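Protein chains in written order, with the working numbering: chain A, 1166 to 1470; chain B, 10 to 323.
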């Protein structure tokens, strides 16, 4: 982790406050950010929900009340009951088990796509911002052209071309999700490369790669973490879109989107089939957005309203 | 429109054309690298028919030649013929569907702007009161709940709910073609973006209502309506306008799902059906249309800036 000490910059003000009795406690940017984050009520609620989501997802690999694929556990379209708290779907499968299994898929796709997109975006953003010139021109042109096409269409066509496995879905999402990250990192790099500490590093003959990874990247990490957090819910929604259109992870995998899609035709007689995965999806996305907002405010105090 | 604006607009139009050509070319070339041939059906065709079909679609030529022919067609506004429904010309089909999509998209933009700005302004002028908290929470929930979930909720409300309350008198008839069928999909499509607009409007209103000229307006004894709508909101709109570009792209993307769910015969639904039936000529055509639509929408937004902020000139 980066060891940038913003409190050193703010020290004079704080020194006046404590009247020079004792030096303020030294905290790193991340300790400081964590402290602010945990003081934000919505962010804490979000963290708790994400915690439940993670535990459920991991638990579902080992145990769900019923196997997610087992059909005819009872009457089809049965509403919530004691043994099936969320009811049964159109094949008589237990919806609670499937929602739990869906958490694992959402988690893998969300985190996987966010990480892949971040890696691509960070690498290209650093290159474009640091070297400028032709490299920047090329990368920026690629970004601008890609912004002219709806990302969902690109993902849909890629899925048709490369197949519907979970890795392919992650790839198809990341192919367009890196754009925002690359833009952000490029901007940060453009600003940071002019700073004195980069000039100092360069003057003592530090290699480009080391300047990029040791000096520029750590200082841009704050906004990157925020952006990567927002990418997770975006990828989860994206996967749901794909599944809803029938081009997501193939059945019988219990993806939230395909559950909603399968339940849609029975929306009037058995709305619980659609509502359960939709509620899980919305809650997860909401939690990530709360944490993202909290992180953004915590890392950059000026953004606070 | 000044000379500068005209030059700017024509430059942008060139760029839009370029983007549309590049995008559709990439898709064209990508698709033509696929193994197998595009007219393969479940039923085996007799070789003579197959050869005739391949010839009909120019698929018997090497792909660079096909590409050249396709570009030639594009220059005349001809996107070719459907691979699945022989004889169906793609350009008129997509033009008709684009009209539907644009109607839905514009309705969604209206929903977004009206709901988003009202909530944002309300939250800002009642800052730190319960109105503000309710509006702010509603906006985070609004953009966390994806459009298709709003669609399901609205369908349950307007179809099942209204039917039960009115004893079968009133209910939403899901579909397209009548004016009263527009609002429900438009609201589902617009709500997530309305939430984003609300957040931005609130933040930007909070900044402007603290400015000196707004205080002067109050001091002159102007009515609250005039101060807030004419003095504060007018300037608060400038940062909000910057989101309109990404918002339009988002609405177009979202419309793919909404059109699919509501069975609306627009470009998005066409794209999904064509990609599932492997009608690649239509897929390429829709890409071309979308690239052009997004470009034009963004250009319109950019031309709106000088109207909102006279300091901006092109």
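Backbone N, C-alpha and C fix where the C-beta goes; we use that ideal spot for every residue, glycine too. From a predicted model like this one, the values you see are computed outputs, not experimental measurements.
Taking all protein chains in view, the Cβ of residue 202/B is crowded by 16 or more other Cβ atoms within 10 Å, so the residue is classified as buried. Residue 98/B carries a strand assignment under DSSP once its states are collapsed to helix, strand and coil. The DSSP assignment places 56-65, 72-84 as complete runs of the alpha helix (DSSP H) inside the region 26-92 of chain B, in order along the chain (cut-off: 4 residues).
The region 1202-1258 of chain A contains, as complete alpha helix (DSSP H) runs of 4+ residues, the segments 1206-1227 (chain order). Here residue 1309/A carries a helix assignment [DSSP, helix/strand/coil]. Nearest to residue 1247/A by alpha-carbon distance, out of 1235/A, 1234/A, 1255/A, 1230/A, is 1230/A. In its chain, beyond the 5 residues on either side, 210, 213, 214, 217 have a beta carbon closer than 7 Å to the beta carbon of residue 245/B. DSSP places residue 142/B in the uninterrupted alpha helix (DSSP H) bounded by 139-153. Close to chain A, meaning a Cβ-Cβ distance shorter than 8 Å, is no residue of the region 119-137 of chain B at all.
Below the 8 Å Cβ cutoff, chain A contributes no neighbours of residue 310/B, its closest Cβ being approximately 13 Å away. In this structure residue 166/B is exposed. Its beta-carbon is surrounded by fewer than 16 other beta-carbon atoms within 10 angstroms.
If the five residues before and after residue 1411/A are omitted, its C-beta is found closer than 7 Å to the C-beta atoms of 1426, all from its own chain and listed in chain order.
Contact annotation: residue 113/B and residue 200/B have beta-carbon atoms that are not nearer than 8 Å.
Taken atom to atom, the span from the alpha-carbon of residue 1345/A to that of residue 1301/A is near 15 Å. With fewer than 16 other Cβ atoms inside 10 Å of its own Cβ, residue 285/B counts as exposed.
Using a Cβ-Cβ distance cut-off of 8 Å, the region 232-246 of chain B and the region 139-151 of chain B are not in contact, since fewer than three pairs of beta carbons, one from each stretch, lie closer than that value. Taking a beta-carbon distance threshold of 8 Å, residue 1454/A counts as an interface residue toward chain B. Taking a beta-carbon distance threshold of 8 Å, residue 283/B does not count as an interface residue toward chain A. Note on geometry: alpha-carbon atoms of residue 1456/A and residue 1348/A lie some 22 Å from one another.
Taking the Cβ atoms as the reference, residue 110/B lies roughly 5 Å from residue 276/B, within the contact range of under 8 Å. Against chain A, the CB of residue 299/B has a partner CB under 8 Å away; the residue lies at that interface. In this structure, residue 1355/A sits near residue 1294/A, with a CB-CB distance shorter than 8 Å.
The beta carbons of residue 1285/A and residue 1343/A sit closer together than 8 Å. Within 10 angstroms of the beta-carbon of residue 1324/A lie 16 or more other beta-carbons, which makes it buried. Between residue 37/B and chain A, the shortest Cβ-Cβ separation is not below 8 Å.
Judged by beta-carbon spacing, residue 271/B lies within the 8 Å limit of residue 183/B, meaning their Cβ atoms are closer than that value. Each of 115/B, 161/B, 185/B, 27/B was checked against the Cα of residue 1430/A, and the nearest Cα belongs to 161/B. A direct Cα-Cα distance of roughly 24 Å separates residue 1338/A from residue 1211/A. Per DSSP, residue 1419/A is not a residue of any alpha helix (DSSP H), being assigned neither H nor E. With a threshold of 8 Å between beta carbons, residue 1439/A makes contact with chain B. Under a 10 Å Cβ-count criterion, residue 177/B is classified as exposed, with fewer than 16 other Cβ atoms of the shown protein chains found around its own Cβ. Chain B places no beta carbon closer than 8 Å to that of residue 1239/A, leaving this residue out of the contacts. Residue-level contact check: residue 163/B does not touch chain A, since none of the beta carbons of chain A fall below 8 Å from its beta carbon. Going by C-alpha positions, residue 252/B is about 41 Å away from residue 1233/A.
Contacts between residue 1436/A and chain B, judged by CB atoms closer than 7 Å, involve 165 in chain order. The way I'd put it, the region 297-312 of chain B does touch the region 252-261 of chain B; three or more beta-carbon pairs between them come closer than 8 Å.
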